[in-house]
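Notes for the one structure printed next.
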Ligand code: URA
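In this note's numbering, the protein residues as written are 14 to 250.
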């Protein structure tokens, strides 16, 4: 790999800023200052030091975002604020959200530039579990729960796959539940609740596969995934 690409991938500045820094002798490889940006290095073995700091090569980045309502799950949008706007100072090129939450849905969103992992998490064949907390108007009957657990007709060609349901509360005309689904159909949770005679008034994603929303992460904030969270996601999907 070229030295300037290494430094660019590490987000140490624009390509021209990086070239300038290299020419000034601010970068050393294996203890020797290197002044040519096209110097070839082995990113796994060579020790690169930039202004006194040893750089460990990384080009894949993983973040957990606590999505607030009111932002769209897109990398760009001409009219609406996007989730990526909340990560404007995050390190990593070509970051994107894995999957989609509706504008009014809150909760866990994985943001990465690891296309392979994203592909595996979203593949319909992998049946990755996603758990949502939903507040709904209406009544959730035992029949309604049984339907959600067996699979319901939401107007698509096929019924939904069996879901896990945990009723949290029920009052005269509203209820809360946790629903775990293994597909990612358009507005799936809202349509499943509709299919059993209710209407979602608040929706939050709590987990996706092995990744769980950090309860200490404020709404609208993000943090890098821990090594363990990344390893668990990669190992299980
Ligand atoms: N199901 C929905 O209806 N909306 C979401 O945002 C996610 C799942």
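Where a beta carbon is used, it is the ideal one built from N, C-alpha and C, also for glycine.
Whole angstroms are fine: how far does the CA of residue j sit from the CA of residue i?
i: residue 115; j: residue 126; result: 21 angstroms
i: residue 237; j: residue 243; result: 10 angstroms
i: residue 37; j: residue 26; result: 15 angstroms
i: residue 122; j: residue 15; result: 33 angstroms
i: residue 47; j: residue 24; result: 19 angstroms
i: residue 178; j: residue 162; result: 7 angstroms
i: residue 234; j: residue 80; result: 8 angstroms
i: residue 97; j: residue 228; result: 21 angstroms
i: residue 50; j: residue 64; result: 15 angstroms
i: residue 160; j: residue 239; result: 38 angstroms
i: residue 206; j: residue 129; result: 32 angstroms
i: residue 210; j: residue 157; result: 8 angstroms
i: residue 82; j: residue 90; result: 16 angstroms
Nearest to residue i by CA position, among the options, is which residue?
i: residue 62; options: 41, 154, 216 and 169; result: 41
i: residue 294; options: 15, 29 and 248; result: Residue 294 lies beyond the range of the chain shown here (14 to 250); nothing can be said about it.
i: residue 198; options: 183, 76, 220 and 173; result: 173
i: residue 168; options: 204, 79 and 88; result: 204
i: residue 74; options: 189, 84 and 110; result: 110
i: residue 105; options: 76, 90, 129 and 132; result: 76
i: residue 171; options: 186, 103 and 196; result: 196
i: residue 55; options: 64, 65, 70 and 44; result: 70
i: residue 187; options: 219, 201 and 150; result: 150
i: residue 133; options: 166, 222 and 231; result: 222
i: residue 176; options: 184, 94, 165 and 57; result: 165
i: residue 213; options: 191, 231, 226 and 230; result: 191
i: residue 200; options: 217, 185 and 184; result: 217
Beta-carbon within less than 6 angstroms of residue i's beta-carbon, same chain only, minus the 5 sequence neighbours each way: which residues are those?
i: residue 108; result: 124 and 126
i: residue 68; result: 23 and 61
i: residue 102; result: none
i: residue 20; result: 31
My output table needs one value for residue i: the three-state DSSP class, helix, strand or coil.
i: residue 250; result: coil
i: residue 34; result: helix
i: residue 136; result: coil
i: residue 159; result: helix
i: residue 216; result: strand
i: residue 41; result: strand
i: residue 61; result: strand
i: residue 120; result: strand
i: residue 130; result: helix
i: residue 201; result: helix
Determine the contact status of residue i and residue j, defining contact as a CB-CB distance below 8 angstroms.
i: residue 144; j: residue 193; result: yes
i: residue 120; j: residue 224; result: no
i: residue 87; j: residue 147; result: no
i: residue 100; j: residue 78; result: yes
Verify the CB distance criterion: does residue i have a CB-CB separation below 8 angstroms to chain B?
i: residue 199; result: Checking the listed chains, one finds no chain B in this structure; it contains a single protein chain.
What does a CB cutoff of less than 7 angstroms around residue i pick up in its chain, not counting 5 residues either side in sequence?
i: residue 131; result: 111 and 125
Which residues in the same chain as residue i place their Cβ atom closer than 8 angstroms to its Cβ, once the five residues preceding and following it in sequence are excluded?
i: residue 202; result: 145, 147, 192, 194, 213 and 216
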